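Residue 121 in numbering that gives the first Met the number 0 is what sits at position 122 of the sequence shown, and the numbering runs on without skipping anything.
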Amino acid sequence: MLQSGKKTALAIIILLLSVGQLLAGTVYVYLAPDGTLAYSDEQLETPYRYLNTIHLNWGDIEGRKPDPVNDSELDELLADESDQEKNKKQVSDKRFSDIVNLMAEKYRLPPELIHAVIEAESNYNVSAISRTGATGLMQLMPETAKRLGVSDRSDPKQNIEGGAKYLRELLDRFDNDLALALAGYNAGEHAVLKHGRTVPPYKETQKYVDIVLRNLRRNFTSGDAG
């Protein structure tokens with residue numbers, strides 16, 4: 000099943016992503032002949048150029064096992080956000096879309112994922128500073144930013160690039176398991192390793208992963224991000 004262009008992977012992503020849980024599955028990311036990103040649950044051949052593979056597995060979090068998603072549930076997933084919320088989000092997205100798209104291509108990530116993390120981390124507030132000292136759109140800590148080559152965390156381009164680079168590192172480290180990569184982004188990769196390469200049993204981290212996946216599901220189904 001192949002999906003390409005702005006309406007990114009509606010069928011496959013809706014089947015894989017649902018409110019509060021992520022079904023097991025694999026998404027292959029390709030560069031389509033027209034220059035857009037293409038997503039498929041099957042491996043494609045020329046003229047599509049392979050970029051990346053993302054493994055989706057949410058069934059182990061909090062002991063939940065995924066249930067099949069039927070047609071009526073899919074309709075509900077597409078209708079659970081008000082027009083006002085969507086319009087507000089579109090304005091925020093478009094301020095940084097060029098940077099997000101650039102970093103998505105550079106680090107082989109769906110732009111929808113970067114947007115989902117930015118929204119969860121800072122809600123597009125360039126000046127956001129957490130109580131622990133994380134700064135900017137993707138809330139980079141000083142030590143992490145330095146390691147990633149970010150000299151000015153208040154600069155949107157540097158901050159987004161640092162966050163995208165970190166996501167790419169985490170996906171590579173955890174075999175493209177998206178839930179583990181997001182948990183590592185929130186709690187640190189060592190916390191994920193400490194708990195046997197599972198999402199740590201921290202309420203904040205589990206809530207964070209859940210929120211990012213909700214954002215991601217909405218971005219994929221709405222086609223607004225990027």
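All residues carry an ideal CB built from backbone N, CA and C; glycine is no exception.
Treat the numbers as computed from the prediction; the structure is a model and nothing was measured.
How should residue i be labelled, buried or exposed, when 16 other C-beta atoms within 10 angstroms of its C-beta is the threshold for buried?
{"i": "G132", "result": "exposed"}
{"i": "E61", "result": "Interpretation of E61 is limited by its pLDDT of 42, a score under 50 that renders its predicted location unreliable; the figure taken from the coordinates is listed afterwards. Exposed, because fewer than 16 other Cβ atoms sit within 10 Å of the Cβ of E61."}
{"i": "G161", "result": "buried"}
{"i": "E118", "result": "buried"}
{"i": "D209", "result": "buried"}
{"i": "L129", "result": "This sequence places Ser at residue 129; Leu is not what is there. With fewer than 16 Cβ atoms within 10 Å of its Cβ, S129 is classed as exposed."}
{"i": "S228", "result": "Any question about residue 228 goes unanswered here, given that the chain covers just 0 to 225."}
{"i": "G183", "result": "buried"}
{"i": "G135", "result": "buried"}
Hey, how far is the Cα of residue i from the Cα of residue j?
{"i": "Y27", "j": "K145", "result": "31 Å"}
{"i": "T143", "j": "N185", "result": "12 Å"}
{"i": "A103", "j": "I113", "result": "7 Å"}
{"i": "Y29", "j": "Y47", "result": "6 Å"}
{"i": "P109", "j": "L101", "result": "11 Å"}
{"i": "M137", "j": "E41", "result": "31 Å"}
{"i": "R196", "j": "D176", "result": "10 Å"}
{"i": "S150", "j": "N158", "result": "9 Å"}
{"i": "E203", "j": "T45", "result": "43 Å"}
{"i": "V99", "j": "R152", "result": "16 Å"}
{"i": "S190", "j": "L169", "result": "One detail in the question is off: residue 190 reads as Ala in this sequence, not Ser. So the alpha carbons of these two residues sit roughly 12 Å apart."}
{"i": "K164", "j": "K206", "result": "23 Å"}
{"i": "S121", "j": "A31", "result": "31 Å"}
{"i": "L139", "j": "R213", "result": "22 Å"}
Does DSSP put residue i in a helix, in a strand, or in coil?
{"i": "V116", "result": "helix"}
{"i": "T220", "result": "helix"}
{"i": "V28", "result": "strand"}
{"i": "L139", "result": "strand"}
{"i": "Y201", "result": "coil"}
{"i": "R48", "result": "strand"}
In the DSSP assignment, find the alpha helix (DSSP H) that holds residue i and state where it starts and stops.
{"i": "Y184", "result": "177–186"}
{"i": "E104", "result": "96–105"}
{"i": "I128", "result": "First-last for I128: undefined, no H or E at that position."}
{"i": "A163", "result": "155–172"}
From the options, pick the residue whose C-alpha is nearest to that of residue i; which is it?
{"i": "S211", "options": "Y106, V116, D171, A31", "result": "Rather than Ser, the amino acid found at residue 211 in this sequence is Val. Comparing Cα-Cα distances from V211 to each of Y106, V116, D171, A31, the minimum goes to V116."}
{"i": "S39", "options": "T52, K206, P32", "result": "T52"}
{"i": "K105", "options": "P32, K156, A180, Y123", "result": "K156"}
{"i": "V198", "options": "A178, D97, K93", "result": "A178"}
{"i": "R94", "options": "M140, Y123, G148", "result": "Y123"}
{"i": "R107", "options": "G148, Y201, L166", "result": "L166"}
{"i": "R216", "options": "E111, D97, S96", "result": "E111"}
Would you verify that the beta carbon of residue i is, or is not, closer than 7 Å to some beta carbon of chain C?
{"i": "H189", "result": "Among the chains of the structure shown, chain C does not appear; only one protein chain is present."}
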